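Sequence order for the protein chains is W and U. The working numbering numbers the first residue of the first sequence as 1 and each following residue consecutively. The working numbering numbers the first residue of the second sequence as 1001 and each following residue consecutively. Structure first, then comments.
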Amino acid sequence: MSVVDLVAQVVRIATPYLLAAAGGVIAERSGVISLTLEGFMLGGAFTAALGTYFFHSLALGVLCGIAGGLLLAGIHAGASIRLRADQVVNGIAINLLAVGATRYFLRIAFDSASNSPRIAGFNESPGLVGLVENPLVWAGLLALPVAWLMLNRTAFGLRVRASGEHPEAARSVGVPVGRVQLWAVLWSGALAGLAGVYLALDQHQFSDQMTASRGYIALAAIIFGAWEPLRAGLACLLFAAAETLEIHLQGTSLVPPQVVEMIPYALTIIALAGVVRRVAPPAALGRAQE
Amino acid sequence: MNARSSLAVRMARVDKAFGPVLATKSASLEVQLGEIHALVGENGAGKSTLMRILGGLIAPDAGRVEVFGREVTGWTTRAAIQAGVGVVHQHFMLVRPLTVAENVVLGQEPKRFGLFDKAAARRAVAELIERTGLRVPVDRPVSELSVGGAQRVEILKTLYRGAKLLVLDEPTAVLSPVEVRELWGVLRSLQSGGATVVLITHKLDEVMEISSRVTVMRRGETIVSIATRETSPTELARAMVGRAVALASQQRQAEPVKQKGSALEVRDLLVAGARRARAVDSVSLTVAPGEILGVAGVEGNGQTELVEAIAGLRPASFGSIRLGGREVATFSVRERIAAGFSHIPEDRQRRGLVLDYSVAENLVLGLQERFCRHGILDRRAIAERARRLVAEFDIRPADAQAPARALSGGNQQKVVIAREMGRDFQVLLAAQPTRGVDVGAIEFIHGRLREARAAGKTILLVSADLNEVLALSDRIAVMYGGRLVALLPRAEATVEILGAQMTGAGRKEAA
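Right, dumping it as structure tokens:
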């Protein structure tokens, strides 16, 4: 296997992380906890499969996937911003809701308890060609630079940062904090939904709980990247590289695969504990607004 | 031009209730264009509520508000900002990781091609700094500024939005004497530029020095409005409290009392802080029983760390702490309390109280075990103690079951003081005991401290308020940069000497 193929594999694995992290980093910086990336992603994967299958259109499938993420994000925003529900509790509820709802509608739509029928996808060929012809891969690679630009070079980004650090201060100068957070959460829903789309199209089906904690890994990347988009992007690639390694180590007894699976979470704990350098979350992260 | 059109603010018969509590009762305020108007009153008198109505943060239940001759009752924050009303809040409304320029333009960002135009923001803020003389580094994150610097940013924020009417809520509470001078300079130059200023304060010497007119509030009502030169601090204090008050500056400390009891001795104390490795740098001091040692200094010079280290809340890296000759530096907080330490923490909401607990519960915090029978809280004993302390310390409302959150700042502080002084103790560590507390409560708290001193207690007082330190202390120490830079008997201390030491000026002279 060539180096190019290896890199291609890393990027392929990293794409859903990159997309979800690019959404989550904006929501987190606005002060809303992004535990929900997992649920948004699963919802997006399901609606993408639904759309692609019934409309026989990849483009409509992609849009449906985004809509699925947005729908769950809307529920999350309504509860945690508008109704000031606890963001962690509500986030877990959203993720459980996503698992239950996709299962329920999977049975109704496809009469199956495990997976949808085969759906179309982008270029099938393995390796580099299939990669460069998949627009979602490009979206993934661009997502975090775009998030960086949004955060640091737009007025919206300045308001996002102010809302996440000191919402009272933002409000006192007329920044509509709730609305800023709503847009930030919807943005994270759309991008995590897109990450779900990628998964469904890549595997040519929706299967039960197919996101397999990828949303949590994206959140871990955000934290490991100290809530900076570009660093979060590097963290996504690092975690993806570790997984690639794991795949190639399978069958050898060098390192048990479970140990490799632990890497993202172990690194996140190390980062949070400030072993290398103290990373501080946005000061008002998770705080319900008055 | 009639009298009405020369008014910047006219608030008439304004009512605002929070639940059953009337925060303002038919309150009225008239501020002339171009004047510096002081709004004074005890905590909970309704000053801040009145100003929040003026700034559009809350709407009144009844009454009428006019700003620059326009009826604006119940307007929004945004509308108030657009009309030129700028509010500098007591707790700074600044986003610490953002730069000065970003904080100033937040909410009204200059844009170019849809992107935030950082360069234009920097230019605009630099130009504003040039014009007003409010010196702050444009590109520095606010977290790296001094308190005075942060306050200048707050004023810049309002001016950037075109404020012609500036409302400052207790602006000097956190400033050193030098910074207060600078602030007066800024306000006067804004005034000569045509701006109107409303200054909320309860320091009456400030009222006399800076304002041309003063309005006094008491229990939600505006009691009197008078030209400053026609009144006196004593008269204002009487109007605020509703009875004659002894002002701190007018009281004399009694002669030192020699008492039996235990002295507090601190030797070579070294304490690491959040930002500095030597937040407290080789501090040694002794406080005798029956003595109040006052520690003056601008906040952030190690006082917090010093008190917390002595109380056992923060580890000391080196040095000894003795009480009556007994080493307590290795004691836990609980063991220190048992040994006779009492601590009035500087931040009552963070360290002093559990805001969602009732007053009665807060009064037994840390003492729960003494109010237990067979491991179960003895509610009757707790209620009994609460009843006694609420009466003794004049905590209002006299409802021990009310959550601490529902009390005004002054009464919350009385709860802390009642808990810490309402039990046996030998050493009292009193950190900012009257911060944000009104004149009546200050008088009360000072009285309790004097009584404790007369009873032979050993008292370490830390305060950013020089008048308070001067009024209470037998000896006065000054902290600067983590060190004790001066230690004088009260008789030799003056505001000028202490003020110079507090800013490090004294050290240069001594060197």
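Glycine included, C-beta positions come from ideal geometry on N, C-alpha and C. Given the structure is predicted, the values throughout are model-derived calculations rather than measurements.
Closer than 8 angstroms to chain W by CB, residue i
{"i": "U/I1081", "result": "yes"}
{"i": "U/T1077", "result": "yes"}
{"i": "U/R1219", "result": "no"}
{"i": "U/R1507", "result": "Caution applies to U/R1507, whose pLDDT of 49 falls short of 50 and renders its modelled position unreliable; the value that the coordinates give is listed next. No - not a single Cβ of chain W is within 8 angstroms of the one on U/R1507."}
{"i": "U/E1144", "result": "no"}
{"i": "U/V1095", "result": "yes"}
{"i": "U/H1037", "result": "no"}
{"i": "U/L1098", "result": "yes"}
{"i": "U/E1170", "result": "no"}
{"i": "U/H1374", "result": "no"}
{"i": "U/K1164", "result": "no"}
{"i": "U/L1054", "result": "no"}
{"i": "U/K1016", "result": "no"}
C-beta neighbour in chain U for residue i, strict 8 angstroms
{"i": "W/S30", "result": "no"}
{"i": "W/A273", "result": "no"}
{"i": "W/V175", "result": "yes"}
{"i": "W/S172", "result": "yes"}
{"i": "W/G215", "result": "no"}
{"i": "W/R231", "result": "no"}
{"i": "W/G157", "result": "yes"}
{"i": "W/T154", "result": "yes"}
{"i": "W/A169", "result": "yes"}
{"i": "W/E165", "result": "yes"}
{"i": "W/A162", "result": "yes"}
Beta carbon of residue i nearer than 8 angstroms to that of residue j
{"i": "U/L1293", "j": "U/R1112", "result": "no"}
{"i": "U/V1088", "j": "U/I1155", "result": "yes"}
{"i": "W/P117", "j": "W/Q205", "result": "yes"}
{"i": "U/R1010", "j": "U/S1026", "result": "no"}
{"i": "U/T1458", "j": "U/P1289", "result": "yes"}
{"i": "W/N95", "j": "W/T52", "result": "no"}
{"i": "U/I1321", "j": "U/V1328", "result": "yes"}
{"i": "W/L194", "j": "W/A8", "result": "no"}
{"i": "U/G1086", "j": "U/T1158", "result": "yes"}
{"i": "U/L1429", "j": "U/I1376", "result": "no"}
{"i": "U/A1404", "j": "U/V1478", "result": "no"}
{"i": "U/V1283", "j": "U/L1460", "result": "no"}
{"i": "W/G174", "j": "W/G65", "result": "no"}
{"i": "W/I85", "j": "W/A240", "result": "At residue 85 of chain W the sequence reads Ala, which differs from the Ile that was named. Not closer than 8 angstroms, so no."}
{"i": "W/L141", "j": "W/L230", "result": "no"}
{"i": "W/I81", "j": "W/Q209", "result": "no"}
{"i": "U/L1128", "j": "U/Y1160", "result": "yes"}
{"i": "W/A147", "j": "W/A273", "result": "no"}
Residue burial classification, residue i (beta-carbon count within 10 angstroms, cutoff 16)
{"i": "W/D5", "result": "exposed"}
{"i": "W/I108", "result": "exposed"}
{"i": "W/Q87", "result": "buried"}
{"i": "U/V1198", "result": "buried"}
{"i": "W/A232", "result": "buried"}
{"i": "U/G1550", "result": "There is simply no residue 1550 of chain U to check, as chain U begins at 1001 and stops at 1511 in what is shown."}
{"i": "W/A266", "result": "exposed"}
{"i": "U/K1260", "result": "exposed"}
{"i": "W/G157", "result": "buried"}
{"i": "U/V1333", "result": "exposed"}
{"i": "W/A190", "result": "buried"}
Sheet register partners of residue i (DSSP bridge)
{"i": "U/H1343", "result": "U/L1429"}
{"i": "U/F1116", "result": "U/K1111"}
{"i": "U/V1167", "result": "U/V1087 and U/V1198"}
{"i": "U/A977", "result": "This structure cannot speak to residue 977 of chain U, because chain U is shown only from 1001 to 1511."}
{"i": "U/T1231", "result": "Bridge partners of U/T1231: none, in fact."}
{"i": "U/M1479", "result": "U/L1484"}
{"i": "U/M1217", "result": "U/G1041 and U/T1222"}
{"i": "W/S207", "result": "W/N115"}
{"i": "U/G1294", "result": "U/L1461 and U/I1476"}
{"i": "U/S1320", "result": "U/R1267"}
{"i": "U/S1358", "result": "U/P1403"}
{"i": "U/P1489", "result": "U/R1475"}
Interface flag, residue i vs chain C, CB-CB below 8 angstroms
{"i": "U/L1115", "result": "The structure shown contains no chain C; the protein chains it does contain are W and U."}
**Report entry** Segments assigned beta strand (DSSP E), at least 3 residues, entirely inside the segment 1011–1078 of chain U
**Finding:** 1021–1032, 1036–1041 and 1062–1067
Query raised in the report: Which ranges would you report for the beta strand (DSSP E) in the segment 117–190 of chain W if only whole runs of at least 3 residues count?
Result: none
Query raised in the report: Counting only runs that start and end within the segment 1390–1453 of chain U, where is the alpha helix (DSSP H) found for 4 or more residues in a row?
Result: 1409–1421
Query raised in the report: Where in the segment 3–77 of chain W do unbroken runs of the alpha helix (DSSP H), each at least 4 residues long, occur, reported from the N-terminal end onward?
Result: 3–29, 37–55 and 58–77
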